[in-house]
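Inspection log for the structure reproduced underneath, given as structure tokens.
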Amino acid sequence: MYIHTIDNFYNSQIGEYDKLENNKLKVLGFAGSLRAGSYNKALLRSATDFLPEDMSLEIFDIDGIPAFNQDIEGDIPPKVKEFKAKIREADSILIATPEYNYSVPGVLKNAIDFAARPYGDNPFDGKPVALMSASIGLLGGARAQYHLRQTFVFLNMYPINRPEVIVTLAHDKFDTNGRLVDDTTKTLLRQLLQNLANWTRKLK
Numbered sequence: 030m031y032i033h034t035i036d037n038f039y040n041s042q043i044g045e046y047d048k049l050e051n052n053k054l055k056v057l058g059f060a061g062s063l064r065a066g067s068y069n070k071a072l073l074r075s076a077t078d079f080l081p082e083d084m085s086l087e088i089f090d091i092d093g094i095p096a097f098n099q100d101i102e103g104d105i106p107p108k109v110k111e112f113k114a115k116i117r118e119a120d121s122i123l124i125a126t127p128e129y130n131y132s133v134p135g136v137l138k139n140a141i142d143f144a145a146r147p148y149g150d151n152p153f154d155g156k157p158v159a160l161m162s163a164s165i166g167l168l169g170g171a172r173a174q175y176h177l178r179q180t181f182v183f184l185n186m187y188p189i190n191r192p193e194v195i196v197t198l199a200h201d202k203f204d205t206n207g208r209l210v211d212d213t214t215k216t217l218l219r220q221l222l223q224n225l226a227n228w229t230r231k232l233k
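Given below as structure tokens:
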């Protein structure tokens, strides 16, 4: 009788855990940089430490997505197919991007453009999205974020407005192993992820 009771309790706990895991919001994260030591990749990895309990984060590397060519959009490359499938499976999107020449990095814009093609097959449609950026400069990638928000209008995405996670002087905010060490950024990152969870639940 005692063993049977323990087994029932154990099974119920497993059931509750499985239920919690199955109900977690699935977030797909990707960075707008291919550099191995990218601060934005490090920022994205850091996000895994500040997720709400009801959220999971999968990080996708856009390295390997070829340059968009409309001539081949009828036979989409495998890496792009994988990317599109991951986007569709996700409840929301998290993007970390540097700023190149006052705007969005070419590799990030290319990945988004290819994933949204062919016309009428846009997996970003209706997805909540959160933005963050890191830069060694004083503006922290702000202009790249604003240009991405323009892209979201056509993609019919729903961005989080606050807080703005704009990491300036990034070389001072991460240690030599790429770990986030700045307390203010940690607080903002935690709040951004919580707001993304709340926003996603509201839109579901």
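Residue numbers (the numbering used here): 30 to 233.
Just so you know, even glycine gets a beta-carbon here, dropped at the ideal spot from N, CA and C.
Spell out the partners DSSP gives residue i in its beta bridges.
{"i": "lysine 55", "result": "Ser85"}
{"i": "leucine 209", "result": "Phe203"}
{"i": "serine 162", "result": "Thr126 and Ile195"}
{"i": "alanine 60", "result": "Ala125"}
Rounding to the nearest angstrom, what Cα-Cα distance links residue i and residue j in this structure?
{"i": "aspartate 204", "j": "tyrosine 68", "result": "10 Å"}
{"i": "leucine 209", "j": "aspartate 100", "result": "42 Å"}
{"i": "histidine 176", "j": "lysine 138", "result": "10 Å"}
{"i": "isoleucine 141", "j": "leucine 217", "result": "25 Å"}
{"i": "lysine 202", "j": "aspartate 211", "result": "5 Å"}
{"i": "glycine 44", "j": "glutamate 82", "result": "Note on glycine 44: pLDDT 49, under 50, position unreliable in the model; the coordinate value appears next. About 17 Å."}
{"i": "asparagine 227", "j": "proline 157", "result": "10 Å"}
{"i": "isoleucine 165", "j": "tyrosine 129", "result": "12 Å"}
{"i": "alanine 173", "j": "serine 132", "result": "4 Å"}
Tell me which residue opens and which closes the alpha helix (DSSP H) that residue i is part of.
{"i": "isoleucine 116", "result": "107-118"}
{"i": "leucine 218", "result": "212-232"}
{"i": "leucine 184", "result": "171-184"}
{"i": "leucine 123", "result": "Premise fails: leucine 123 lies in the beta strand (DSSP E), 121-126, not in any alpha helix (DSSP H)."}
{"i": "arginine 16", "result": "Outside the shown range of the chain (30 to 233) lies residue 16, about which nothing can therefore be said."}
Under three-state DSSP, which class holds residue i?
{"i": "aspartate 150", "result": "coil"}
{"i": "valine 133", "result": "coil"}
{"i": "alanine 96", "result": "coil"}
{"i": "alanine 65", "result": "coil"}
{"i": "alanine 145", "result": "coil"}
{"i": "glycine 44", "result": "Only weak support exists for where glycine 44 lies, its pLDDT of 49 falling under 50; the value from the coordinates is given anyway. Glycine 44 falls in the helix class under three-state DSSP."}
For residue i versus residue j, is the C-beta spacing smaller than 8 Å?
{"i": "alanine 144", "j": "valine 109", "result": "yes"}
{"i": "threonine 126", "j": "serine 162", "result": "yes"}
{"i": "asparagine 224", "j": "arginine 191", "result": "yes"}
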